[in-house]
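Participant:
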Amino acid sequence: MSALLRNTQGCWTCRVRRKKCDGARPSCSTCQSLSITCYGYGLKPDWIDRGEKEKAMIDSFKQVVKRTSRKKAVAKPSQASAQLSTIAPKGSTGSSSSPRSHGYEPDHGSSMDERMKTLQGGLLFEQPRKDHHDNLVLFPISAQESASLMHYLDNVFPLQYPMYRASVLEGGRGWLLAPMFRIKPLYHATLAISSYHRRKIFFTGQGSEWKIHLRAATNMQERYFRDNLVDYGLSKGAGAILRGNRNFSVDDGPTVMEEIVIYKFFTGVIIWLDIVSSITAGEAPHLLPYHFRDISSTSPWVRLEEIMGCQNQVMLQIGRIAALYEHKTQSLQKGYLVNTSIEETVRDISREIESCLTQTALRGLGFSIGTNTSPVPKSLITSNSTTLVTHMFALMACIYLHLVIYGFQNLELLEPTTYKAMETLRTRFPAHLLPAIVCPLYVIGSVATQEEDRLFFRQVFASPPLLDPLFEHRTKVLTALEEAWRKREARNDFTWGDSLEMVDDLLLL
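Just so you know, the sequence shown maps onto residues 1 to 509 in the numbering used here.
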């Protein structure tokens, strides 16, 4: 293979595909012309492992290249004869015989037989059919791609968002297809992650690359919030509704409804990830200034319980606790004493959490109120999944607040809370909902003192449904818990900050 095609200075996508890269930034022209994701020039992506993950990603690139070639062939059927002469083009990109000028980018990494097979399957032998049925075809998509997309919708998406239930009035999960086909990186990421899962390859989440992407997402969302959704790409009708200028009406039609559903979901996901990541980062959520406006109102557009299972008011308090920890840490570093404003914030958060716990108890779940630990007849327990998940996050918030204020000291103050949490987990919480409470499991598990309680967490994190090939990072959560238990017993001065060092690169999902 020509040395020009082994460009070690090119983008990561061209390097693994062994293609010539023009080095354009932020994304190269080669990737743009083929509609594949350009992974840039920075740190090496986690999927480049010289193994199955890399092979799966290269396969997904090839699928997209074939699909792009077919779309170009449909647009320019009269140039089919010219494409035959460009199977092995000259090295000069400025030549008139450049493959891009003919609407087809040959795959130099494939053999001649594979390239001819691509031509036969995607260009030449489909042209006569296109002439007769051009008005019947929206766009060509391979059987493998369609299988990967359906696998994602049917299997992977429910694993990522186990608590999400699409409303029939909002069109079910159909709205997912719209951004997939409109946003190229999302489409390619969907194919890749689906391929990983189908091959039973771990989606690692190793390292800290996820932090870069999450910060980019929160920065973008912050700008949209600050500018009142200007430049969000919304239609005039959807923008007016989401800004609160008017209500949705049947005259708005399905397009406006689709935009609203997409906005609600992705905004909710970003807020959720922002709050959860702030716990292990030891800092305030990036979008905290907008929480009271967007998720604390009586009728918010974004309802986190519809996405991740926990109601807004509890997640709001968890975000406040994370901010409190950052403020306390910075104050101590500067030599300041804890002031009355912090104490008042702690009391206010405690009142809000107790109110949430009381609400879940009154919804008929059979949870005890206050410190009463007497058993409740199972006949009183309902199967309200959202209330169950909210209750566990509220119990977690109680423990989290204690850890932020006292660290692992005075754990006897938490005994009523930890008892209720463990009793709920053992007797009332269904196994299929456990993936929705990975974060509470870690925080509650970190204060476990009884060996039987620790055994419970070992079993939960080492078996399905938490043990899933899509979420390899969950095995590291158990490792972090074991280390925290060991250091707690060895050191009396072990702090919450010390425990965060063990999970700094983990997203508790």
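Backbone N, C-alpha and C define an ideal beta-carbon position, used for all residues, glycine too.
If we ignore side chains and look at the alpha-carbon of each, how far apart do residue 524 and residue 384 end up?
Facilitator: With the chain represented from 1 up to 509, any question about residue 524 goes unanswered, as that position is not in the structure.
Participant: Of the residues 482, 68, 448, which one's Cα is nearest the Cα of residue 32?
Facilitator: Translated into positions along the sequence shown, residue 32 becomes position 32. It is 68 whose Cα lies nearest to the Cα of residue 32.
Participant: Use the C-beta contact count for residue 30: other C-beta atoms within 10 angstroms, 16 or more gives buried, fewer gives exposed.
Facilitator: Locating residue 30 in the sequence shown gives position 30, where the first residue counts as 1. Burial call: buried.
Participant: Are the Cβ atoms of residue 434 and residue 466 separated by less than 7 angstroms?
Facilitator: As a first step, residue 434 must be located in the sequence shown, where it is residue number 434. As a first step, residue 466 must be located in the sequence shown, where it is residue number 466. Yes, the pair counts as a contact, with Cβ atoms nearer than the cut-off.
Participant: Taking the continuous alpha helix (DSSP H) assigned at residue 402, which residues delimit it?
Facilitator: Counted from its first residue, the sequence shown places residue 402 at position 402. Unbroken alpha helix (DSSP H) run through residue 402: 385-406.
Participant: Please state the DSSP three-state secondary structure of residue 182.
Facilitator: The sequence position of residue 182 within the sequence shown is 182, counting from 1. Here residue 182 sits in helix by DSSP.
Participant: To the nearest angstrom, report how far apart residue 328 and residue 342 are at their CA atoms.
Facilitator: On the sequence shown, position 328 is the one that residue 328 refers to. On the sequence shown, position 342 is the one that residue 342 refers to. The straight-line gap from Cα to Cα measures roughly 8 angstroms.
Participant: Rounded to a whole number of angstroms, what is the C-alpha to C-alpha distance between residue 393 and residue 310?
Facilitator: Along the sequence shown, read from residue 1 onward, the residue named residue 393 stands at position 393. Along the sequence shown, read from residue 1 onward, the residue named residue 310 stands at position 310. Going by the C-alpha atoms only, they are around 7 angstroms apart.
Participant: Looking at C-alpha atoms only, which residue of 308, 285, 401, 293 is the closest neighbour of residue 275?
Facilitator: The sequence position of residue 275 within the sequence shown is 275, counting from 1. With distances taken between Cα atoms, residue 275 lies closest to 285.
Participant: Assign residue 413 to one of two classes, buried (16 or more other C-beta atoms within 10 Å of its C-beta) or exposed (fewer than that).
Facilitator: Position 413 of the sequence shown, counted from the first residue, corresponds to residue 413. Classification of residue 413: exposed, given that the 10 Å Cβ count is below 16.
Participant: How far does the alpha helix (DSSP H) with residue 358 in it extend, from its first residue to its last?
Facilitator: One-based indexing of the sequence shown puts residue 358 at position 358. Taken as a continuous stretch (DSSP letters only), the alpha helix (DSSP H) holding residue 358 covers 340-360.
Participant: When you compare the segment 414-423 with the segment 290-302, are there three or more beta-carbon pairs, one atom per stretch, that lie closer than 8 angstroms?
Facilitator: In short, these stretches do not touch, since the Cβ pair count stays below three.
Participant: Which of the three DSSP states is assigned to residue 503 in this structure?
Facilitator: On the sequence shown, position 503 is the one that residue 503 refers to. Note: residue 503 maps to coil in three-state DSSP.
Participant: So, using beta-carbon positions, are residue 258 and residue 178 closer together than 7 angstroms?
Facilitator: The residue given as residue 258 occupies position 258 in the sequence shown. The residue given as residue 178 occupies position 178 in the sequence shown. Cβ atoms of residue 258 and residue 178: closer than 7 angstroms.
Participant: Contact between the segment 213-225 and the segment 266-274: three or more CB pairs below 8 angstroms?
Facilitator: Enough Cβ pairs lie closer than 8 angstroms, so yes.
Participant: Using three-state DSSP, classify residue 298 as helix, strand or coil.
Facilitator: As a working mapping, residue 298 is identified with position 298 in the sequence shown. Correct three-state label for residue 298: coil.
Participant: What do you get for residue 440, buried or exposed, if any count of 16 or more other CB atoms within 10 angstroms of its CB means buried?
Facilitator: Taking the first residue of the sequence shown as 1, we reach residue 440 at position 440. Buried, because 16 or more other Cβ atoms sit within 10 Å of the Cβ of residue 440.
Participant: Quick one: residues in its chain with C-beta nearer than 6 angstroms to the C-beta of residue 27, no 5 flanking neighbours on either side, listed in chain order?
Facilitator: Counting from 1 along the sequence shown, the entry for residue 27 is found at position 27. Hits under 6 angstroms: 38.
Participant: Give every residue of the same chain whose Cβ lies closer than 6 angstroms to the Cβ of residue 317, excluding the five residues on either side of it in the sequence, and list them in chain order.
Facilitator: Start at 1 with the first residue of the sequence shown, and residue 317 comes out as number 317. So the list reads 349, 352, 353, 397, once near-sequence residues are dropped.
Participant: Suppose you measure from the CA of residue 238 to the CA of residue 260; what does that come to, to the nearest Å?
Facilitator: Position 238 of the sequence shown, counting from 1, holds the residue named residue 238. Position 260 of the sequence shown, counting from 1, holds the residue named residue 260. Taking the straight line joining both Cα atoms gives about 6 angstroms.
Participant: Just the C-alpha distance for residue 468 and residue 444, rounded to the nearest angstrom, thanks.
Facilitator: Counting from one through the sequence shown, the residue named residue 468 turns up at place 468. Counting from one through the sequence shown, the residue named residue 444 turns up at place 444. Straight-line Cα distance between these residues: approximately 21 angstroms.
Participant: If you check the beta carbons only, do residue 324 and residue 345 fall under 7 angstroms apart?
Facilitator: Within the sequence shown, residue 324 is the residue found at index 324, counting from 1. Within the sequence shown, residue 345 is the residue found at index 345, counting from 1. Closer than 7 angstroms, so yes.
Participant: Which stretch, first to last residue, makes up the alpha helix (DSSP H) that contains residue 260?
Facilitator: As a position in the sequence shown, residue 260 is number 260, starting the count at 1. Note, residue 260: alpha helix (DSSP H), 253-281.
Participant: Out of 295, 163, 10, 43, state which residue places its alpha-carbon closest to the alpha-carbon of residue 307.
Facilitator: Taking the first residue of the sequence shown as 1, we reach residue 307 at position 307. Comparing Cα-Cα distances from residue 307 to each of 295, 163, 10, 43, the minimum goes to 163.
Participant: Would residue 483 pass as a contact of residue 502 if the rule is Cβ separation under 7 angstroms?
Facilitator: Residue 483 sits at position 483 when you count from the first residue of the sequence shown. Residue 502 sits at position 502 when you count from the first residue of the sequence shown. The answer is yes: Cβ separation under 7 angstroms.
Participant: Taking the CB atoms as reference points, tell me whether residue 481 and residue 447 lie closer together than 7 angstroms.
Facilitator: The residue labelled residue 481 in the question sits at position 481 within the sequence shown. The residue labelled residue 447 in the question sits at position 447 within the sequence shown. It is not a contact, given that the beta carbons lie outside the stated cut-off.
Participant: Output the distance between the C-alpha atoms of residue 408 and residue 496, rounded to the nearest integer angstrom.
Facilitator: Numbered from its first residue, the sequence shown carries residue 408 at position 408. Numbered from its first residue, the sequence shown carries residue 496 at position 496. So the two alpha carbons sit approximately 7 angstroms from each other.
Participant: For residue 166 and residue 486, what's the separation of their Cα atoms in angstroms?
Facilitator: Numbered from 1 along the sequence shown, position 166 holds the residue referred to as residue 166. Numbered from 1 along the sequence shown, position 486 holds the residue referred to as residue 486. If I take the Cα positions, the gap works out to 43 angstroms.
Participant: Nearest-angstrom Cα distance between residue 426 and residue 452?
Facilitator: As a first step, residue 426 is located in the sequence shown; it is residue number 426 there, counting from the start. As a first step, residue 452 is located in the sequence shown; it is residue number 452 there, counting from the start. Roughly 11 angstroms separates the two Cα atoms.
Participant: Tell me whether residue 307 sits in a helix, a strand or coil according to DSSP, three-state version.
Facilitator: Here residue 307 refers to the residue found at position 307 when the sequence shown is read from its first residue. Coil, per DSSP.
Participant: Do residue 34 and residue 280 have their CB atoms nearer than 7 angstroms?
Facilitator: For this step, residue 34 is matched to residue 34 along the sequence shown. For this step, residue 280 is matched to residue 280 along the sequence shown. Not a contact, by the Cβ cut-off of 7 angstroms.
Participant: Comparing alpha-carbon positions, which option in 175, 424, 399 lies nearest residue 387?
Facilitator: In the sequence shown, counting from the first residue as 1, residue 387 sits at position 387. Ranking 175, 424, 399 by Cα distance to residue 387 puts 424 first.
Participant: When you compare only the Cα positions, how much space is there between residue 265 and residue 464?
Facilitator: For the purposes of this step, residue 265 is taken as the residue at position 265 of the sequence shown. For the purposes of this step, residue 464 is taken as the residue at position 464 of the sequence shown. If I take the Cα positions, the gap works out to 27 angstroms.
Participant: Roughly how many whole angstroms lie between the Cα atoms of residue 347 and residue 415?
Facilitator: In the sequence shown, counting from the first residue as 1, residue 347 sits at position 347. In the sequence shown, counting from the first residue as 1, residue 415 sits at position 415. Rounded to the nearest angstrom, the two C-alpha atoms are 19 angstroms apart.
Participant: May I have the straight-line CA-CA distance separating residue 43 from residue 159, to the nearest angstrom?
Facilitator: Against the sequence shown, residue 43 aligns to sequence position 43. Against the sequence shown, residue 159 aligns to sequence position 159. Spanning the two alpha carbons is a distance of roughly 28 angstroms.
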